[in-house]
């Protein structure tokens, strides 16, 4: 390293750079952009760092093995003992169920939009509706789900939570898959047709390999949105200290665990809220790392 | 001269525009037939009518007959996948499939259930050798095809096309996206392959046409202006439009 720094060539280049940097007018705009780039990096990385710092600092002392292996003792609102296993499992149930239903609905929609509809008035209308749905605040979905539940005489339950979450995730997933499919080159499909493959073989052996990384990303993106959402499950899934044994029972969730624990007057319970937030953050971190890893593995063969 | 592909009264329309007008041609077996002409004259349309690729463009319809080995390929009883297996296409820009080098060549053979196990392996080797790519890829058969250079990708596409045992090779300006050395590679392969295959090539490079062609078709504005043996057409064109094209006027 020292040898590198003592290198005259390096010093000359560095010096030259500084000269250009300050004195050549055409480099001023570049300098401003560079400063803006650094500033935006600091804002993004700094906010993430600060959030993690707060959550870890406040949550780590309360985090213990009981938190993730036991259900609450003394009630979720006031209890200082036990854990939040009910909320961890509840969130996983809710997000998995919601993602599965959203996937089952969104793949046919995306296929229809891409292969059959193309760019007609109706397909553009569908895309617009999905984009509007994407923008609707989740509390509105919650309220909407609640209204329907009342009309049907249903109680807050895992099933209702899953259905509302799937509605929330549907636009995200459909638009993400739609975008991935739109990027498939026509020539790639034709390359398969050119050796005498039919549509089915082309779809299952070529197109799927090309879209799989994007598909995984879309699924995990939607899953991440679903597991982190509090407002949509507040009315529809309810909250409970128990782990549900049927889809018609109410279910706890991590975002709401944070919400309830944080709104108690006791500092010990409030600190448990940060521990819950830490667990939720870790789950989401695992999901996003996993999605990067999987799509990296799968995109090895993708043709650009 | 044996006729392999016989095109009779072919008319092709894109919506209301007629892009091919009354084409009548006999394409000879085991020779290189070059279709040339200025851009937009219908060269590619004619080529793509031979493996029924025109069907991918919406609003296309066609009248007339194209006979390969005496069978009309547009007959409703004919399976389109058989036609495309028989007439392989080398596209303008190489598109390997999103899989390994080995799987790319094996793709067609697996789909048509032509080979299995050791036989499949030997065939993959054989066709990569035919395409002149084997020596460059034999140590990395399982790495993604997308990592090959563009010239290697085009030869891989050639091997993939040859692997389904076609009788005809269609080339749609197959060297236009390649560097001169890779282009030379492909040209050399095509000259080797004409012993076993009927090759139909679209090109807008006149010198390439002169290097490769046994039989020449000159097209202009959707019509066949002149066709005949390469030596005749190049040295002594009958039509004034051909003469003008050959001397570089358009």
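Residue numbers (the numbering used here), protein chains in the order written: chain R, 769 to 1072; chain G, 9 to 258. Where is the CB? At the ideal position from N, CA and C, for every residue including glycine.
Checklist entry - So which residues on chain R does residue 103 of chain G lean against when the C-beta distance must stay under 8 Å? => result Your numbering for residue 103 of chain G matches position 95 in the second chain. Result: 953, 955, 956, 958, 959, 1071.
Checklist entry - Who are the neighbours of residue 971 of chain R on chain G, taking C-beta pairs under 9 Å? => result Here residue 971 of chain R is taken as the residue at index 203 of the first chain, counted from 1. Within chain G, no residue comes near residue 971 of chain R; the closest Cβ sits about 13 Å away, beyond 9 Å.
Item to check | Cβ neighbour criterion (16 or more within 10 Å) applied to residue 835 of chain R | outcome: Here residue 835 of chain R refers to the residue found at position 67 when the first chain is read from its first residue. Buried: at least 16 other Cβ atoms inside 10 Å.
Next on the checklist: Closer than 8 Å is the cut-off here; do at least three beta carbon pairs connect the segment 1008 to 1023 of chain R with the segment 861 to 871 of chain R?
Outcome noted: yes
Checklist entry - Going by Cα to Cα distance, which pick from G/243, G/247, G/228 is closest to residue 258 of chain G? => result For the purposes of this step, residue 258 of chain G is taken as residue 250 along the second chain, with counting starting at 1. For the residues G/243, G/247, G/228, the minimum Cα distance to residue 258 of chain G belongs to G/228.
Checklist entry - Can you check whether the CB of residue 70 of chain G is closer than 8 Å to the CB of residue 178 of chain G? => result Within the second chain, numbered from 1, the residue matching residue 178 of chain G stands at position 170. Within the second chain, numbered from 1, the residue matching residue 70 of chain G stands at position 62. In this structure, residue 70 of chain G does not lie closer than 8 Å to residue 178 of chain G by Cβ.
Checklist entry - Thinking just about the alpha-carbon of each residue, which of R/989, R/952, R/1032, R/986 is nearest to the one in residue 971 of chain R? => result Sequence index remark: in the first chain, residue 971 of chain R carries index 203 (1-based). Taking only the C-alpha atoms, the option nearest residue 971 of chain R is R/952.
Next on the checklist: Suppose the cutoff is 7 Å on Cβ atoms and the five residues either side in sequence are ignored; what does the same chain contact list for residue 50 of chain G look like?
Outcome noted: Position 42 of the second chain, counted from the start, is the residue given in the question as residue 50 of chain G. Result list for residue 50 of chain G: 27, 28, 227, 230, in chain order.
Checklist entry - Going by Cα to Cα distance, which pick from G/158, G/13, G/31 is closest to residue 20 of chain G? => result Numbered from 1 along the second chain, position 12 holds the residue referred to as residue 20 of chain G. Nearest C-alpha to residue 20 of chain G: G/31.
Item to check | Burial state of residue 259 of chain G (16 or more Cβ within 10 Å) | outcome: This structure leaves residue 259 of chain G out entirely; chain G is present only between 9 and 258.
Item to check | Residue environment, residue 812 of chain R, which counts as buried when at least 16 other CB atoms sit within 10 Å | outcome: Indexing the first chain from 1 puts residue 812 of chain R at position 44. Flag for residue 812 of chain R reads exposed.
Checklist entry - Okay, do the segment 889 to 899 of chain R and the segment 962 to 970 of chain R touch, 3+ Cβ pairs below 8 Å being the bar? => result no
Next on the checklist: Rounding to the nearest angstrom, what Cα-Cα distance links residue 842 of chain R and residue 1009 of chain R in this structure?
Outcome noted: Taking the first residue of the first chain as 1, we reach residue 842 of chain R at position 74. Taking the first residue of the first chain as 1, we reach residue 1009 of chain R at position 241. Rounded to whole angstroms, residue 842 of chain R to residue 1009 of chain R spans 9 Å at the Cα level.
Checklist entry - Hey, residue 906 of chain R and residue 997 of chain R: beta-carbon distance below 8 Å or not? => result In the first chain, counting from the first residue as 1, residue 906 of chain R sits at position 138. In the first chain, counting from the first residue as 1, residue 997 of chain R sits at position 229. It is a contact, given that the beta carbons lie within the stated cut-off.
Checklist entry - Between residue 1066 of chain R and the rest of its own chain, which residues show a CB-CB distance below 6 Å, the 5 nearest in sequence each way excluded? => result Here residue 1066 of chain R refers to the residue found at position 298 of the first chain. Excluding positions up to five away in sequence, the list reads 980, 981.
Checklist entry - If you draw a straight line from the C-alpha of residue 773 of chain R to the C-alpha of residue 1068 of chain R, how long is it? => result If you number the first chain from 1, residue 773 of chain R lands on position 5. If you number the first chain from 1, residue 1068 of chain R lands on position 300. Unreliable positioning characterises residue 773 of chain R in this predicted model, as indicated by a pLDDT of 49, which lies under 50. The coordinate reading is nonetheless provided below. Spanning the two alpha carbons is a distance of roughly 38 Å.
Checklist entry - Can you give the Cα-Cα distance for residue 1040 of chain R and residue 810 of chain R, rounded to whole angstroms? => result As a working mapping, residue 1040 of chain R is identified with position 272 in the first chain. As a working mapping, residue 810 of chain R is identified with position 42 in the first chain. Near 30 Å, if we compare the C-alpha coordinates of residue 810 of chain R and residue 1040 of chain R.
Next on the checklist: So that I know if they touch, is there some Cβ in chain R lying closer than 8 Å to that of residue 77 of chain G?
Outcome noted: Looking up residue 77 of chain G in the second chain gives position 69. It does not: the Cβ of residue 77 of chain G has no partner Cβ on chain R nearer than 8 Å.
Checklist entry - Of all the alpha helix (DSSP H) runs that stay within the bounds of the segment 171 to 253 of chain G, which reach a length of 4 or more residues? => result 188 to 201, 214 to 220, 238 to 243
Checklist entry - Can you name the residues of chain G whose CB is closer than 9 Å to the CB of residue 948 of chain R? => result Position 180 of the first chain, counted from the first residue, corresponds to residue 948 of chain R. Per Cβ cutoff of 9 Å: no residues; residue 948 of chain R is ~13 Å from chain G at best.
Item to check | Check whether residue 1000 of chain R and residue 852 of chain R have beta carbons under 8 Å apart | outcome: Here residue 1000 of chain R refers to the residue found at position 232 when the first chain is read from its first residue. Here residue 852 of chain R refers to the residue found at position 84 when the first chain is read from its first residue. No.
Checklist entry - Taking any Cβ of chain R, which residues in the segment 232 to 255 of chain G have a Cβ under 7 Å from it, in chain order? => result none
Checklist entry - For residue 107 of chain G and chain R, any beta-carbon pair shorter than 8 Å? => result Position 99 of the second chain holds residue 107 of chain G. Judged by the 8 Å Cβ criterion, residue 107 of chain G is in contact with chain R.
Checklist entry - Could you check where the beta strand (DSSP E) with residue 78 of chain G kicks off and where it finishes? => result Within the second chain, residue 78 of chain G is the residue found at index 70, counting from 1. Here residue 78 of chain G belongs to no beta strand (DSSP E), and DSSP marks it neither H nor E.
Next on the checklist: Can you tell me whether residue 1057 of chain R is buried or exposed? The criterion is at least 16 other CB atoms within 10 Å of its CB, across all chains shown.
Outcome noted: In the first chain, residue 1057 of chain R corresponds to position 289, counting from 1. Residue 1057 of chain R comes out exposed.
Checklist entry - Thinking C-alpha only, which one of G/186, G/59, G/192, G/23 is nearest residue 8 of chain G? => result Lying before the first or after the last residue shown, residue 8 of chain G is absent from chain G, which here runs from 9 to 258.
Checklist entry - Nearest chain G C-beta to residue 986 of chain R closer than 8 Å, yes or no? => result Numbered from 1 along the first chain, position 218 holds the residue referred to as residue 986 of chain R. False, the Cβ-Cβ gap to chain G never drops below 8 Å.
Next on the checklist: What does the Cβ neighbour count give for residue 239 of chain G, buried or exposed, with the cut at 16 atoms within 10 Å?
Outcome noted: As a working note, residue 239 of chain G is residue 231 in the second chain. By the 10 Å Cβ count, residue 239 of chain G comes out exposed.
Next on the checklist: Counting only C-beta atoms, is residue 964 of chain R closer than 8 Å to chain G at any point?
Outcome noted: Locating residue 964 of chain R in the first chain gives position 196, counting from the first residue. Answer yes: the Cβ-Cβ gap between residue 964 of chain R and chain G drops below 8 Å somewhere.
Checklist entry - Counting along the chain, where does the alpha helix (DSSP H) carrying residue 823 of chain R start and finish? => result Translated into the one-based positions of the first chain, residue 823 of chain R becomes position 55. Start and end: 796 to 827.
Checklist entry - Going by the CB atoms, is the gap between residue 94 of chain G and residue 76 of chain G shorter than 8 Å? => result Along the second chain, read from residue 1 onward, the residue named residue 76 of chain G stands at position 68. Along the second chain, read from residue 1 onward, the residue named residue 94 of chain G stands at position 86. It is a contact, given that the beta carbons lie within the stated cut-off.
Checklist entry - Any chance the segment 868 to 886 of chain R sits against the segment 843 to 850 of chain R, with 3 or more Cβ pairs inside 8 Å? => result no
Item to check | Chain-ordered chain R contacts of residue 120 of chain G [CB-CB under 8 Å] | outcome: Here residue 120 of chain G corresponds to residue number 112 of the second chain, with the count starting at 1. Within 8 Å Cβ-Cβ: 964.
Checklist entry - Under 9 Å Cβ-Cβ, which residues of chain R neighbour residue 65 of chain G? => result As a working note, residue 65 of chain G is residue 57 in the second chain. Correct list: empty, because the minimum Cβ distance to chain R is about 10 Å.
Next on the checklist: Closer than 9 Å between beta carbons: that is the criterion. Which residues of the segment 992 to 1005 of chain R meet it against chain G?
Outcome noted: none
Checklist entry - How many angstroms separate the CA atom of residue 881 of chain R from the CA atom of residue 943 of chain R? => result By one-based count along the first chain, residue 881 of chain R stands at place 113. By one-based count along the first chain, residue 943 of chain R stands at place 175. Taking the straight line from one Cα to the other gives about 10 Å.
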